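Only one structure is covered here, and it is reproduced in the block below.
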Amino acid sequence: MDMTHPTTQGKLYRPASISRIGELEIRLPEVDSHCITQDAEWCEVCVGQSAPRRVRFHDYHEIYQVPGLYEALFYETLECCSPQRVTGLLEDVLHDWPDDASDLRVLDVGAGNGMVGQELRERGTSKIVGIDIIPEARDAALRDRPDVYEDYFVADLTDLDEHTEEAIRKARLNCLTTVAALGFGDIPPQAFLKALDLIATPGWLAFNIKEDFIDQHDGSGFCELVRELTAAGVLRMQAYRRYTHRKSLSGEPLHYVAMIATKDSDRPDAMMEHAA
9 MDMTHPTTQG KLYRPASISR IGELEIRLPE VDSHCITQDA EWCEVCVGQS
59 APRRVRFHDY HEIYQVPGLY EALFYETLEC CSPQRVTGLL EDVLHDWPDD
109 ASDLRVLDVG AGNGMVGQEL RERGTSKIVG IDIIPEARDA ALRDRPDVYE
159 DYFVADLTDL DEHTEEAIRK ARLNCLTTVA ALGFGDIPPQ AFLKALDLIA
209 TPGWLAFNIK EDFIDQHDGS GFCELVRELT AAGVLRMQAY RRYTHRKSLS
259 GEPLHYVAMI ATKDSDRPDA MMEHAA
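Numbering (the numbering used here), first residue to last: 9 to 284.
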């Protein structure tokens, strides 16, 4: 059987694998891991009898519009486990504190279609507010997980309007989560700092980042930012765990680091100006 298929760009390629999940068919190309970066990965998707359409993995606004595609691609095909690993590590750390998951009032940054929020709900958290920069994420969360978020804002944390900021502060949130959203420009360092400012002191942080972005030679700014926040006494790291976030297109493991920290003081104003 000829497995060569036309792409949306009119060229031919031979899929390395084809996954069929419900009405979705996901075709992964055969690639050399040295020739494609993580933020350039792509696949082809067919819904029912539709023609194949090429989708870049980081084009979330397109992926969220297809019900079930995000889960089918990242979690069933590429075996992503970050929502479980990050929230599980947070739960483990809380066992050594007087707090537990029911005490958390969470701001879920880069909330997407609600997979992290769902994990938090299942672990006992009752108050979760989501925020994402793209409206398709909110639409997908309300479509797929309508009971997870108490509120869900579409907003840019680097340019947050007064009405949204006031509403978030009134919620008196004491925990920040952001999973699989840092380091590729989706949530830059200044957005992370703004989100940190929106949660109470003392508070909690649970986040992850690709291990390359916390290397001292990284240019994204997160390595330096975490060091500065720790040195300034704003954050105190409570747990740090390296794990496999998911498989790459070529089947190799993508290693991330999950971090749990306490927010012990407010950040200096000058730090926001430096991050910008």
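For every residue, glycine included, the Cβ atom is placed at its ideal position computed from N, Cα and C.
All values derive from a computational prediction rather than experimental measurement.
| Item | Value |
| --- | --- |
| Given 8 Å as the limit, is there contact between the region 229-246 and the region 180-197, that is, 3 or more CB pairs closer than that? | yes |
| Distance, Cα to Cα, F65 vs E49? | 6 Å |
| Do the CB positions of K117 and T186 come within less than 8 Å of each other? | First, the amino acid is wrong: residue 117 is Val here, not Lys. Yes. Within cutoff. |
| Could you tell me the distance, in whole angstroms, from the CA atom of M245 to the CA atom of R28? | 41 Å |
| Report the rounded CA-to-CA distance for L150 versus A109, giving the unit in angstroms. | 23 Å |
| Can you tell me whether V94 is helix, strand or coil according to DSSP? | helix |
| Tell me, please, whether the region 99-115 touches the region 160-169 by the rule of three or more beta-carbon pairs shorter than 8 Å. | no |
| Are S25 and L32 touching if we call contact CB-CB under 8 Å? | no |
| Start and end of the beta strand (DSSP E) containing L262? | P261 to K271 |
| In the DSSP assignment, what are the bridge partners of M245? | A269 |
| To the nearest angstrom, how far is it from the Cα of E84 to the Cα of S90? | 13 Å |
| Where D67 and D111 are concerned, what is the direct C-alpha to C-alpha distance, given to the nearest angstrom? | 35 Å |
| In chain order, what residues of the same chain have a beta carbon less than 6 Å from the beta carbon of A214, not counting five sequence neighbours either side? | V94, L98, T185 and I268 |
| Please report how far the alpha carbon of E87 lies from the alpha carbon of E158, in whole angstroms. | 29 Å |
| Could you check whether R275 and D205 sit closer than 8 Å to each other, using their CB atoms as the reference points? | yes |
| Apart from the five residues on each side of it in sequence, which residues of its chain come closer than 6 Å, Cβ to Cβ, to R129? | V156 |
| Determine the burial state of Y78: buried for a count of at least 16 other Cβ atoms within 10 Å of its Cβ, exposed for fewer. | buried |
| Here's the rule I'm using: 16 or more other beta-carbon atoms within 10 Å means buried, otherwise exposed. How should M11 be labelled? | Confidence at M11 is low in this model, with a pLDDT of 33, below 50, so the placement of that residue should be treated as unreliable; the coordinate-derived value is given next. So M11 counts as exposed. |
| Which class does G125 belong to by DSSP, given the choice of helix, strand or coil? | helix |
| Taking I141 as part of the beta strand (DSSP E), name the residues at either end of that continuous run. | First-last for I141: undefined, no H or E at that position. |
| Per the DSSP calculation, S25 is bridged to which residue(s)? | L36 |
| Using a Cβ-Cβ cutoff of less than 6 Å, which residues in the same chain neighbour I142 once the five nearest sequence positions on both sides are dropped? | H69 |
| If you count every other CB in all the chains shown that lies within 10 Å of the CB of K271, and 16 or more means buried, which is it? | buried |
| Measuring only the C-alpha atoms, how far is P75 from G132? | 26 Å |
| Use the C-beta contact count for A148: other C-beta atoms within 10 angstroms, 16 or more gives buried, fewer gives exposed. | buried |
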